[in-house]
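Quick note, the sequences are listed as chains F and W, same order.
For the first sequence, our numbering gives the first residue as 5, with consecutive numbering after it.
For the second sequence, our numbering gives the first residue as 130, with consecutive numbering after it.
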Amino acid sequence: MTQAEFDDAIGNAARILSAARQPVITGLDTDIAGVVAACRLAERIGAAIDHDASDSALRFLGVLRDAGMMWVTPTEGLALADTLLTVGERPLAESPGPLSAALDGSQRNIRIVSLRAGGPPPRNARRDMQSLDAGTDGMPGLLGALRARVNGRPAGAKEGLEEIDSLVATLHEASFGVVAFAPEELDALATEMLAGLVKDLNISTRWSTISIPESVTATGAMMATAWMTALPLRSAFIGGRWQHDPWRFEAKRMLAAGEADAALYICCYAEPPPDWLPDIPSVLLVNTKQVFPRRNSVRIAVGQPGRDHDGVLYDRMSASLAHRKASAPTNAPSAASVLDRIAARIATS
Amino acid sequence: MIRLKGGRVIDPKHGRDGVGDIWIDGDRIVDPPADGRQAETYALAGKVVMAGAIDIHSHIASANVNVARLMISAQNGGSHASRDAAPMRMLPSTAETGRLYAQMGYTLVVDPAVNPSDALHAHIELAMIPVIDRAALLILGNDDFLLSMLRKGESGDAVQDYVAAVLGAGRGLGVKVINAGGAAAFKENVRAFNLDDVVPTYGMSSRAILTSLQRAVSSLRVPHPLHVHCNNLGLAGSAATARATIDAAEGGPLHLAHLQFYGYGSEGKRGISSAAVALAEKLNATKNVTIDVGQVMFGPTVTVSSDTLRQFGQKTFARPRKWTLWEGEGNGGGIFPIVYSEKEFTSALQWAIGLELFLLIDDPWQVYFTTDHPNGAHFKRYPEILHLLMDRDERQRWVERLPKAAMEMTRLGEVAREYSLFEIATMTRAAPARLLGLDDRGHLGAGALADVAIYDDSPDRTAMFRSAHLVFKNGDVVVRDGVVVSDRPGRTLSVNVPPAPGMRRRLDAYYGERYGGSADMIEAPEAAVAAVAGVETVFEGVACRS
Numbered sequence: 005m006t007q008a009e010f011d012d013a014i015g016n017a018a019r020i021l022s023a024a025r026q027p028v029i030t031g032l033d034t035d036i037a038g039v040v041a042a043c044r045l046a047e048r049i050g051a052a053i054d055h056d057a058s059d060s061a062l063r064f065l066g067v068l069r070d071a072g073m074m075w076v077t078p079t080e081g082l083a084l085a086d087t088l089l090t091v092g093e094r095p096l097a098e099s100p101g102p103l104s105a106a107l108d109g110s111q112r113n114i115r116i117v118s119l120r121a122g123g124p125p126p127r128n129a130r131r132d133m134q135s136l137d138a139g140t141d142g143m144p145g146l147l148g149a150l151r152a153r154v155n156g157r158p159a160g161a162k163e164g165l166e167e168i169d170s171l172v173a174t175l176h177e178a179s180f181g182v183v184a185f186a187p188e189e190l191d192a193l194a195t196e197m198l199a200g201l202v203k204d205l206n207i208s209t210r211w212s213t214i215s216i217p218e219s220v221t222a223t224g225a226m227m228a229t230a231w232m233t234a235l236p237l238r239s240a241f242i243g244g245r246w247q248h249d250p251w252r253f254e255a256k257r258m259l260a261a262g263e264a265d266a267a268l269y270i271c272c273y274a275e276p277p278p279d280w281l282p283d284i285p286s287v288l289l290v291n292t293k294q295v296f297p298r299r300n301s302v303r304i305a306v307g308q309p310g311r312d313h314d315g316v317l318y319d320r321m322s323a324s325l326a327h328r329k330a331s332a333p334t335n336a337p338s339a340a341s342v343l344d345r346i347a348a349r350i351a352t353s
Numbered sequence: 130m131i132r133l134k135g136g137r138v139i140d141p142k143h144g145r146d147g148v149g150d151i152w153i154d155g156d157r158i159v160d161p162p163a164d165g166r167q168a169e170t171y172a173l174a175g176k177v178v179m180a181g182a183i184d185i186h187s188h189i190a191s192a193n194v195n196v197a198r199l200m201i202s203a204q205n206g207g208s209h210a211s212r213d214a215a216p217m218r219m220l221p222s223t224a225e226t227g228r229l230y231a232q233m234g235y236t237l238v239v240d241p242a243v244n245p246s247d248a249l250h251a252h253i254e255l256a257m258i259p260v261i262d263r264a265a266l267l268i269l270g271n272d273d274f275l276l277s278m279l280r281k282g283e284s285g286d287a288v289q290d291y292v293a294a295v296l297g298a299g300r301g302l303g304v305k306v307i308n309a310g311g312a313a314a315f316k317e318n319v320r321a322f323n324l325d326d327v328v329p330t331y332g333m334s335s336r337a338i339l340t341s342l343q344r345a346v347s348s349l350r351v352p353h354p355l356h357v358h359c360n361n362l363g364l365a366g367s368a369a370t371a372r373a374t375i376d377a378a379e380g381g382p383l384h385l386a387h388l389q390f391y392g393y394g395s396e397g398k399r400g401i402s403s404a405a406v407a408l409a410e411k412l413n414a415t416k417n418v419t420i421d422v423g424q425v426m427f428g429p430t431v432t433v434s435s436d437t438l439r440q441f442g443q444k445t446f447a448r449p450r451k452w453t454l455w456e457g458e459g460n461g462g463g464i465f466p467i468v469y470s471e472k473e474f475t476s477a478l479q480w481a482i483g484l485e486l487f488l489l490i491d492d493p494w495q496v497y498f499t500t501d502h503p504n505g506a507h508f509k510r511y512p513e514i515l516h517l518l519m520d521r522d523e524r525q526r527w528v529e530r531l532p533k534a535a536m537e538m539t540r541l542g543e544v545a546r547e548y549s550l551f552e553i554a555t556m557t558r559a560a561p562a563r564l565l566g567l568d569d570r571g572h573l574g575a576g577a578l579a580d581v582a583i584y585d586d587s588p589d590r591t592a593m594f595r596s597a598h599l600v601f602k603n604g605d606v607v608v609r610d611g612v613v614v615s616d617r618p619g620r621t622l623s624v625n626v627p628p629a630p631g632m633r634r635r636l637d638a639y640y641g642e643r644y645g646g647s648a649d650m651i652e653a654p655e656a657a658v659a660a661v662a663g664v665e666t667v668f669e670g671v672a673c674r675s
């Protein structure tokens, strides 16, 4: 894109967004600077803001808001743990992943038990790893049964009570136990049951959780919107203030229901165009050469943080933010810089 | 050039309290020009002129605060983008934080509790707080690296190098220790931890950790003394812990945080009483120790603390009943909402104890004005507290309507003292600047940074301090008639410690082996912070004492 083409694109983007009555900012698959710039732009144009992988983050948030959680950063948790309880598939299957050193035995010896919902064991599972299948009760039922037995109450589990009690004894023996789970694999009830189980275990011994989110940009976006707006994702700047409603301001729902009349879609990674993005006036900040067929749209190529340019991203292991230097720097602009240019153009027009 | 003409200038550092002028040239206060040059003049007859206020202990950024924002977000309501006064929310956004503080005449706020492994996040948030300047104290004292050094008996010089390396990487203004050894002990299932208790795996006491950090901070000549959150926060009888910690300073400089939460004896039929009188007497006789109060005010708020052991222990006080506790390298964080009720004995006692400490500690250079925001109360409540300190009748009105059983456990009703404006300026400006080693702040002498707050001299001190008439930040008007008129970016102050390259290499190896990373995990690179915050410069260095 030449400079003149870029300037035109910025102008067209500003025109599309400022003309909209209810724009929505979505995708949001970008670095922290990109989310910050998106929040600022949202305030200028009265937009709703959401990440396209925010479902599990909002479920986790729901439990945080209703009951609270206990967690430990993966780096610290894996340094301390003598017992690791994995819940679901992805904590085990992701390779390399946050648990790799624990799973392959290269780290010091940690006792590992996995709670699974059926299927063959993952290839990188240790041979000495104990496994418990959720069976017909599913994961919420299994976690509920575990929690009941941890507290010495009758469990409603239809099967495997002896195995559950044996596992409970293992959990109580831990000096520092960690439950590793992937938020997108657990529904709200299972997450809440897990949170309660861990808190109950802490009556007598020490346990915590490690959350392994699939999307680091969704977690980063949640952090950034919290300090920018004092609210989580799925919020909108309306009437001079930020409002939060996880149903009303879910971007995919708004777009499907025709409640948004313009979309700003941001994806700094080489992902295909989402099929849920309707053909409405759109501004596309993307890092793919794939085609987004639509009539009234502006497409601006942006760089990938940590590759084309430096960026600050959520780091799953430290559960904080980390600075990633550009591994292969290019001239591709960052999403943040483009968003700021659009905002500036709107301000002056 | 600017002339602030005819206001009542209160400048305790220079012993000044009288009608006069202040001259500003650029970002500095200057002597009156000899050449009679023209100046933009602000007529301030009937106004009170002070340096910008400084808050040395307020939780405004980093993981704990941000998690708390999310945790209470259903109750929180959204933030405002405009600069107008926004309704008070329990935890404001970064933008609101800067504006709300500026409205009250504050120009510098210190977050007292940043975990070094969260430094980048914390500094990004701090850099996004507009208008005011900011700083962070970095938490040490529960980190495996330090405790391992002490276990091995490494030298004071080595500990000093470690502290310097952490401060340098994480851009701290000073060092905070929170229940030294307590969070580490809690990871080993210890549920109570006193000053002379020993962290099981490491084998040293809380006292040993505390004194080693105190020595390191002093040897480095970091201006701000070690900032201490003592053991046993919130427990009946915790006044004994505070006294023991004061003694542990052994004549060296030490700062005790939110002392109100340690102002408890264990007398009376409820097993809790005020120990403020004895604590105040001890502090009046111990000039090497400073304290901030951590005043409680009635209403809902949220507790945000890196004292994971005590937050776990106190979770039953959560209202509504929800609590979060996270752990990381060193300290972590405990968060739960709370309601201090004026109908409730303990809340009323806490409220009274904080005021007793303010009023019974004689020297306003020794006692610092905080609510430990948000733990005791939102920082927006500061004007009400100032009013209580300055107006005995206002205090009495409250004392008479609070639970009698609680008031009878304190001496608050008998205390006649009323803070003067000079003492308020000392406590909220001159003293904090001195404590933090900021020679060009907290006063209005020539050469000072032109951070100036001007108030209407109203008998309603709450209204007076709630909305400043004018606030200058670096010589620019940022507040006019209580309205923020500029979102200029501030700076984050950090102490310039000598580099410790050998220790940095050692930390790289340590973080690699233990965590699979590097010492980058505790670093806050300025370029990274600046890029997110959208500013060119983030940090401003503060010299160590010479």
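The beta-carbon is built from N, C-alpha and C at its ideal position, and this holds for glycine as well.
All of these numbers come straight from a predicted model, not from anything done at the bench.
- For the 8 Å CB-CB criterion, V664 (chain W) and P618 (chain W) form a contact.
- Contacts with chain W at 8 Å (Cβ-Cβ) do not include I214 (chain F).
- Annotation: the continuous beta strand (DSSP E) that includes F465 (chain W) extends over G462 to Y469.
- With 16 or more neighbouring CB atoms inside 10 Å of its own CB, H327 (chain F) falls in the buried class.
- A653 (chain W) sits close to L249 (chain W), with the two beta carbons spaced by under 8 Å.
- Secondary structure at I514 (chain W): helix, using DSSP grouped into helix, strand and coil.
- Under DSSP, Y393 (chain W) forms a beta bridge with W:S403.
- Between the beta-carbon of A314 (chain W) and that of V328 (chain W) there is about 5 Å, and that keeps the pair under the 8 Å contact cut.
- Our two residues, F551 (chain W) and A228 (chain F), have alpha carbons roughly 41 Å apart in a direct line.
- The three-state reading of DSSP puts K509 (chain W) in helix, counting H, G and I together.
- Residue nearest to P259 (chain W) within the set W:S222, W:L266 and W:C673 is W:S222 (criterion: CA-CA distance).
- The stretch 315-341 of chain F is shown to contain whole beta strand (DSSP E) runs of 3 or more residues at 315-319 and 324-328, in chain order.
- Look at L237 (chain F) here: in three-state DSSP terms it is coil, with no helix or strand label.
- Counting only runs of at least 3 residues, the stretch 67-112 of chain F fully encloses the following beta strand (DSSP E) elements, listed from N- to C-terminal order: 74-76 and 87-91.
- Under the Cβ criterion (8 Å, minimum of three pairs), the stretch 220-238 of chain W counts as touching the stretch 234-242 of chain F.
- By the Cβ test, the stretch 271-285 of chain W is not in contact with the stretch 597-607 of chain W, since fewer than three Cβ pairs between them sit closer than 8 Å.
- Remark: C-beta atoms of A240 (chain F) and A51 (chain F) approach each other more closely than 8 Å.
- Of all residues in the stretch 63-76 of chain F, the ones placed with a Cβ closer than 7 Å to any Cβ belonging to chain W are L65, L68, R69, D70, A71, G72, M73, M74, W75 and V76, in chain order.
- Counting only Cβ-Cβ distances below 9 Å, S353 (chain F) has no contacts in chain W at all, with the closest Cβ about 19 Å away.
- Straight-line spacing of the CA atoms in L96 (chain F) and D59 (chain F) works out to 21 Å.
- In the structure shown, I242 (chain F) adopts extended strand secondary structure according to DSSP, grouped into three states.
- Counting the other Cβ atoms within 10 Å of the Cβ of N417 (chain W) gives fewer than 16, which makes it exposed.
- Excluding residues up to 5 positions away in sequence, Q232, M233, G234, A582, I583, Y584, V608 and G611 lie with their Cβ nearer than 7 Å to the Cβ of A597 (chain W) in the same chain.
- A Cβ-Cβ separation of about 6 Å places I284 (chain F) in contact with D265 (chain F) under the 8 Å criterion.
- For A255 (chain F) and A267 (chain F), the gap between their C-alpha atoms comes out near 9 Å.
- Between the stretch 417-433 of chain W and the stretch 381-388 of chain W, the count of Cβ pairs shorter than 8 Å is three or higher; the stretches touch.
- According to DSSP, K602 (chain W) shares a beta bridge with W:D605.
- Y393 (chain W) is positioned such that its CB atom lies closer than 8 Å to that of A365 (chain W).
- For P429 (chain W), there is no enclosing alpha helix (DSSP H); the residue is part of the beta strand (DSSP E) that begins and ends at G428 to S434.
- Scanning its chain for C-beta atoms nearer than 8 Å, with the 5 sequence neighbours on each side dropped, one finds around E169 (chain W) the residues M130, I131 and R132, in chain order.
- By the beta-carbon neighbour count (other beta carbons within 10 angstroms, threshold 16), Q294 (chain F) is exposed.
- For V295 (chain F), no chain W residue has a Cβ inside 7 Å of its Cβ, as the nearest lies near 31 Å away.
- The C-beta of K451 (chain W) comes closer than 8 Å to at least one C-beta of chain F.
- In the structure shown, T374 (chain W) falls within a helical segment according to DSSP collapsed to helix, strand and coil.
- In terms of beta-carbon proximity, V316 (chain F) lines the interface with chain W, with at least one pair separated by less than 8 Å.
- Under the Cβ criterion (8 Å, minimum of three pairs), the stretch 397-415 of chain W does not count as touching the stretch 434-442 of chain W.
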